[in-house]
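Numbering (our numbering), first residue to last: 7 to 89.
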């Protein structure tokens, strides 16, 4: 994954793993990562997805009725983007 990343945050690890499975089944590249500290100090996992695959990833996750928040890198931090 070489494009800029967008970070998908879910309410629980269960949903993160379900999302990862759904995206990989559709051959959408994603990477399971720890939630960046700039986003949340809670321990947790998130999915990093190339910006170029973000639109299709959003559609597939919505089809699976998974709710998420999206964050994009901005300088040294992240900003919340529309889901």
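The beta-carbon is built from N, C-alpha and C at its ideal position, and this holds for glycine as well.
Have a look at 79, 10, 15 and flag the residue whose alpha-carbon is nearest the alpha-carbon of residue 38. The shortest Cα separation from residue 38 among 79, 10, 15 belongs to 15.
Starting from the N-terminal side, write out each stretch of the beta strand (DSSP E) that is 3 residues or longer and does not extend beyond the stretch 48 to 87. You should have 51 to 56, 75 to 80, 83 to 87.
For residue 44, which residues in the same chain have their Cβ closer than 6 Å to its Cβ, ignoring the five residues on either side in sequence? Leaving aside the five residues that flank residue 44 on each side, the residues in its chain whose CB is nearer than 6 Å to its CB run, in chain order, 83, 84.
Just to confirm the assignment, what range does the alpha helix (DSSP H) spanning residue 26 have? In this chain, the alpha helix (DSSP H) harbouring residue 26 covers 19 to 31.
With residue 74 and residue 89 assumed to form a contact (beta carbons below 8 Å), what rounded beta-carbon distance in angstroms separates them? Contact between residue 74 and residue 89 holds: their C-beta atoms lie close to 6 Å from each other, under 8 Å.
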